[in-house]
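Asker: Just dropping this structure here.
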Amino acid sequence: MAEARAYLRGGSLYTALENLQTEFERILEEEEEEEEGFSEANLRLLKAIIKRLDVHKLLSNCVPAYIKIRTTAIQKRFEIDYLEKTITEADNVQDIGGDIDQWRLDMEIAVKEIYEFESKLCYEVFADVGNKDVPLRCFGEIAANSTVLPLLRLGSRISKCKKDPPKLLKLLDCFSTMDKIRNEFNRLFTGEQCSEIRRVTRELISNLVNGVCEIFWELPCQVELQRPNCPPLDGGVPKLVSVVTDYCNKLLGSKNKAVLSKILEIDLGWKNEKYQEELLTGHMYNILREIALNLDAWSSSNKETALSCIFMMNNHCHFSALRETPLGKLMGESWLSSHEQYRDYYAALYVKESWGKLLSLLNNKAQAVSSSSSSSSSSSPAKRKRARESIKRTLQSFAKGFDEIYREQSNWVVEDEKLRWKICQAMVRTVVPRYKSYLQSYIKVLVEEDHSSDGKHLNYTPKGLEMKLKTMFQFKFLFGVHET
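Position 214 of the sequence shown, counting from 1, maps to 214 under the UniProt record's numbering, and the rest follow consecutively.
This is the structure:
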């Protein structure tokens with residue numbers, strides 16, 4: 001009878017047990033403010049209180065308080081506002097890049113640090129209770145009512161934002177984060193209370209895999225859609241080419257390739273198909289093939305053959321320079337060498353197309369007149385005068401043609417510095433010797449009649465011509481102007 005009265009409200013035992021519950025909550029609230037974790041002393045007190053309350057069948061009185069206080073402690077660790085941010089299909093991934101980076105950081109911290117700690121704490125605090133399911137249910141309630149679900153749902157909203165190539169890279173980052181925490185996640189979030197967490201996680205993984213694959217398989221089509229665009233007017237590498245090759249290098253880099261391969265393997269597994277490495281290589285080839293078709297179309301749209309040669313030379317040079325990149329290594333030596341050969345072919349063709357017609361002005365008539373004049377005293381002064389006038393006109397036409405070519409092509413670019421030097425040297429070797437040889441013949445004829453005329457009709461000396469040729473394709477690099 002006395003013992004029964006002690007359990008009644010106001011009874012001595014009732015009061016003592018109520019005080020224990022109050023002390024239990026006080027310790028929890030005190031530790032809630034601490035970021036270093038529970039002190040050993042408080043942990044021992046909590047375990048002693050739990051053990052005593054369990055003996056008196058009052059465990060159910062303190063478990064809800066434990067769940068509420070520890071849930072609040074977790075929520076305080078995160079900026080809840082950004083987790084509720086609305087993200088739609090109209091949002092660009094670039095506009096929410098900061099939120100995505102924060103999400104990745106928070107997700108990893110939540111699972112590997114916070115929920116890992118909470119799980120261990122639950123099992124330690126409730127280690128001595130009779131019902132061994134209590135720690136599991138307690139942690140499950142804390143997890144289900146704190147931050148992990150809002151984090152997972154934000155991840156799903158991120159996967160639904162506007163579909164474009166930059167989004168693929170961010171989705172790879174998100175999947176990589178989930179993959180890093182997979183083992184801890186599967187170990188922590190078990191039990192009935194975490195069923196919603198597991199369902200939302202499966203939905204997130206599905207959204208990430210589908211989002212990545214959808215964009216990845218469409219990349220060749222996205223490149224093809226750019227075909228109606230116009231090429232750069234300066235013959236440079238189009239922005240699309242540099243962006244796509246840089247993008248492919250990012251996909252194939254050490255950070256992303258393994259993640260991308262894993263996602264493709266998962267996607268094909270869901271379709272009962274087998275993933276092979278050749279699939280990735282073949283798709284990269286398809287992307288580059290579409291770029292090549294774009295380049296052919298753009299090159300054909302140039303009315304000037306010489307500009308088309310510069311355009312193709314620059315682009316083949318761009319591809320040949322990928323040798324030490326992930327894309328270059330994937331495509332192989334044969335692919336790289338073929339671009340080097342095409343680069344050199346178009347460089348030689350450019351020199352021929354640009355300067356061949358102009359050099360045809362420098363024929364051997366002057367030499368013939370000079371020989372005739374030297375060997376035959378019967379050559380009339382009138383004939384020699386006509387020869388001199390013809391030579392003067394040829395030099396004037398040459399200088400005018402050279403200036404027109406130089407003025408027009410000074411706005412063109414050769415983007416690779418070594419190639420720019422190489423092609424300038426090729427122009428010097430092609431033009432200057434022919435010009436110099438012609439001048440030698442011209443001087444012999446002209447000086448016969450007027451010794452003071454040597455050089456009077458020259459717009460360019462061979463040295464001056466050489467110096468000017470060496471400055472071709474330099475303007476836009478000196479002044480930082482380039483069309484893309």
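Think of the CB as a built atom: it goes at the ideal place given N, C-alpha and C, for glycine as much as any other residue.
In this structure, does DSSP put ILE87 in helix, strand or coil?
Answerer: Position 87 of the sequence shown, counting from 1, holds the residue named residue 87. In the structure shown, ILE87 sits in coil (DSSP, three-state: anything other than H, G, I, E or B).
Asker: Any idea what DSSP makes of LYS470, helix, strand or coil?
Answerer: Along the sequence shown, read from residue 1 onward, the residue named residue 470 stands at position 470. Of the three classes helix, strand and coil, the one that applies to LYS470 here is coil, per DSSP.
Asker: Going by beta carbon distance, what residues of the same chain come within less than 7 Å of CYS248, once the five residues before and after it are set aside?
Answerer: As a position in the sequence shown, residue 248 is number 248, starting the count at 1. So the list reads MET284, ILE287, LEU327, once near-sequence residues are dropped.
Asker: Please report the straight-line C-alpha distance between LYS170 and THR177, rounded to a whole angstrom.
Answerer: Position 170 of the sequence shown, counting from 1, holds the residue named residue 170. Position 177 of the sequence shown, counting from 1, holds the residue named residue 177. For LYS170 and THR177, the distance between alpha carbons rounds to 11 Å.
Asker: Can you name, in chain order, every residue of its own chain whose Cβ lies under 8 Å from the Cβ of ILE100, other than the five neighbours on each side?
Answerer: Walking along the sequence shown from the start, residue 100 turns up at place 100. Cβ within range, chain order: VAL93, ILE158, LYS170, ASP173, CYS174.
Asker: Closer than 8 Å is the cut-off here; do at least three beta carbon pairs connect the stretch 217-228 with the stretch 289-304?
Answerer: yes
Asker: Distance, Cα to Cα, HIS316 vs HIS339?
Answerer: Translated into positions along the sequence shown, residue 316 becomes position 316. Translated into positions along the sequence shown, residue 339 becomes position 339. For HIS316 and HIS339, the distance between alpha carbons rounds to 5 Å.
Asker: Mark ASN294 as exposed unless 16 or more other C-beta atoms lie within 10 angstroms of its C-beta, in which case mark it buried.
Answerer: Within the sequence shown, the letter at position 294 stands for residue 294. That one is buried.
Asker: Around the C-beta of ASN155, are 16 or more other C-beta atoms found within 10 angstroms, so that it is buried, or is it exposed?
Answerer: Residue numbering aside, residue 155 sits at position 155 when the sequence shown is read from its first letter. According to the sequence shown, residue 155 is Gly rather than Asn. By the 10 Å Cβ count, GLY155 comes out buried.
Asker: Short check: CB of GLU194 to CB of ALA143, under 7 Å?
Answerer: Mapped onto the sequence shown, residue 194 falls at position 194. Mapped onto the sequence shown, residue 143 falls at position 143. In the sequence under discussion, the amino acid at residue 194 is Cys, which differs from the Glu named in the question. Yes; because the gap between Cβ atoms is below 7 Å, this pair is in contact.
Asker: What is the DSSP secondary structure of TRP412, reduced to helix, strand or coil?
Answerer: Position 412 of the sequence shown holds residue 412. The answer is coil: DSSP assigns TRP412 none of H, G, I, E or B.
Asker: Is the Cβ-Cβ distance between ASP54 and PHE78 less than 7 Å?
Answerer: By one-based count along the sequence shown, residue 54 stands at place 54. By one-based count along the sequence shown, residue 78 stands at place 78. No, Cβ-Cβ distance for ASP54 and PHE78 is not below 7 Å.
Asker: According to the neighbour-count rule (16 or more other Cβ atoms, all chains shown, within 10 Å of its Cβ), is TRP355 buried or exposed?
Answerer: Within the sequence shown, the letter at position 355 stands for residue 355. By the neighbour-count rule (16 or more Cβ atoms within 10 Å), TRP355 is buried.
Asker: Taking ASP99 as part of the alpha helix (DSSP H), name the residues at either end of that continuous run.
Answerer: Translated into positions along the sequence shown, residue 99 becomes position 99. Per DSSP, ASP99 belongs to the alpha helix (DSSP H) from 97-109.
Asker: Whole angstroms are fine: how far does the CA of PHE24 sit from the CA of LEU46?
Answerer: Counted from its first residue, the sequence shown places residue 46 at position 46. Counted from its first residue, the sequence shown places residue 24 at position 24. LEU46 and PHE24: Cα-Cα distance of roughly 6 Å.
Asker: Considering PRO228, what are the terminal residues of the alpha helix (DSSP H) in which it resides?
Answerer: As a working mapping, residue 228 is identified with position 228 in the sequence shown. Run containing PRO228: none; DSSP gives neither H nor E here.
Asker: In this structure, how does DSSP classify GLY130 when only helix, strand and coil are distinguished?
Answerer: Position 130 of the sequence shown, counted from the start, is the residue given in the question as residue 130. Coil at GLY130, not helix or strand.
Asker: Along the chain, where does the alpha helix (DSSP H) that runs through LEU280 open and close?
Answerer: The sequence position of residue 280 within the sequence shown is 280, counting from 1. First-last of the alpha helix (DSSP H) with LEU280: 277-301.
Asker: Could I get the ranges of all uninterrupted alpha helix (DSSP H) runs contained in the stretch 18-59, with 4 residues as the minimum, in chain order?
Answerer: 40-55
Asker: Would you decide whether CYS122 is buried or exposed? Buried here means 16 or more other CB atoms lie within 10 Å of its CB.
Answerer: In the sequence shown, the residue the question calls residue 122 occupies position 122. If you draw a 10 Å sphere on the C-beta of CYS122, you find 16 or more other C-beta atoms in it, and that means buried.
Asker: Classify TRP412 as buried or exposed, calling it buried when 16 or more other Cβ atoms lie within 10 Å of its own Cβ.
Answerer: For this step, residue 412 is matched to residue 412 along the sequence shown. Of the other Cβ atoms in all chains shown, 16 or more fall within 10 Å of the Cβ of TRP412; this residue is therefore buried.
Asker: Which whole-angstrom value describes the C-beta separation of VAL111 and ARG153, a residue pair presumed to lie in contact below a C-beta threshold of 8 Å?
Answerer: On the sequence shown, position 111 is the one that residue 111 refers to. On the sequence shown, position 153 is the one that residue 153 refers to. Contact flag wrong, Cβ pair sits at about 15 Å.
Asker: With a 10 Å radius around its C-beta and 16 neighbouring C-beta atoms as the bar for buried, classify THR15 as buried or exposed.
Answerer: Reading the sequence shown from its first residue, position 15 is the one you call residue 15. The residue in question, THR15, is exposed, as its Cβ has fewer than 16 Cβ neighbours within 10 Å.
Asker: Answer with buried or exposed for GLN409, where buried requires no fewer than 16 other C-beta atoms within 10 angstroms of its C-beta.
Answerer: The residue labelled residue 409 in the question sits at position 409 within the sequence shown. Buried, by the Cβ-count rule.
Asker: Give every residue of the same chain whose Cβ lies closer than 7 Å to the Cβ of PRO135, excluding the five residues on either side of it in the sequence, and list them in chain order.
Answerer: Here residue 135 refers to the residue found at position 135 of the sequence shown. For PRO135, where only same-chain residues beyond five positions count, the Cβ hits under 7 Å are CYS122, TYR123, PHE126.
Asker: Let me know if MET472 comes out buried or exposed under the rule of 16 or more other beta-carbons within 10 Å of its beta-carbon.
Answerer: The sequence position of residue 472 within the sequence shown is 472, counting from 1. Buried.
Asker: CA-CA distance, THR190 and GLY140?
Answerer: Here residue 190 refers to the residue found at position 190 of the sequence shown. Here residue 140 refers to the residue found at position 140 of the sequence shown. Distance between the alpha carbons of THR190 and GLY140: 8 Å.
Asker: Rounded to the nearest angstrom, what separates ILE310 and LEU419 at their Cα positions?
Answerer: Here residue 310 corresponds to residue number 310 of the sequence shown, with the count starting at 1. Here residue 419 corresponds to residue number 419 of the sequence shown, with the count starting at 1. If you take the alpha carbons of ILE310 and LEU419, they lie about 11 Å apart.
Asker: By DSSP, does GLY464 sit in helix, in strand, or in coil?
Answerer: Along the sequence shown, one-based indexing puts residue 464 at 464. It is helical.
Asker: Roughly how far, in whole angstroms, is the beta-carbon of ASN19 from the beta-carbon of THR71, given that I think they are within contact range, below 8 Å?
Answerer: Taking the sequence shown and counting its residues from 1, one reaches residue 19 at position 19. Taking the sequence shown and counting its residues from 1, one reaches residue 71 at position 71. Actually they are not in contact, since the Cβ atoms of ASN19 and THR71 sit about 24 Å apart, beyond 8 Å.
Asker: Between the C-alpha atoms of GLU404 and GLU466, what's the straight-line distance to the nearest angstrom?
Answerer: Numbered from 1 along the sequence shown, position 404 holds the residue referred to as residue 404. Numbered from 1 along the sequence shown, position 466 holds the residue referred to as residue 466. The straight-line gap from Cα to Cα measures roughly 16 Å.
Asker: Contact check, SER300 vs MET312 under 8 Å by CB: the rounded distance?
Answerer: As a first step, residue 300 is located in the sequence shown; it is residue number 300 there, counting from the start. As a first step, residue 312 is located in the sequence shown; it is residue number 312 there, counting from the start. Between MET312 and SER300 the Cβ distance is about 10 Å, and since that is not below 8 Å, they are no contact.
Asker: Where does CYS221 sit, in a helix, a strand or coil, going by DSSP?
Answerer: Indexing the sequence shown from 1 puts residue 221 at position 221. CYS221 falls in the helix class under three-state DSSP.
Asker: Note down, in chain order, each residue of its chain lying with its Cβ closer than 6 Å to the Cβ of SER308, except the 5 sequence neighbours on either side.
Answerer: What you label residue 308 is simply residue 308 of the sequence shown in a count that begins at 1. Excluding residues within five positions, the ones whose Cβ falls inside 6 Å are SER299, ASN302.
Asker: Cα separation between CYS138 and LYS274?
Answerer: By 1-based counting over the sequence shown, the position of residue 138 is 138. By 1-based counting over the sequence shown, the position of residue 274 is 274. Using only the alpha carbons, I get a separation of about 42 Å.
Asker: Out of curiosity, what's the CA-to-CA distance linking ALA368 and ALA426?
Answerer: For the purposes of this step, residue 368 is taken as residue 368 along the sequence shown, with counting starting at 1. For the purposes of this step, residue 426 is taken as residue 426 along the sequence shown, with counting starting at 1. Because the pLDDT at ALA368 is just 49, under 50, the model does not fix this residue reliably, and the point stays unresolved.
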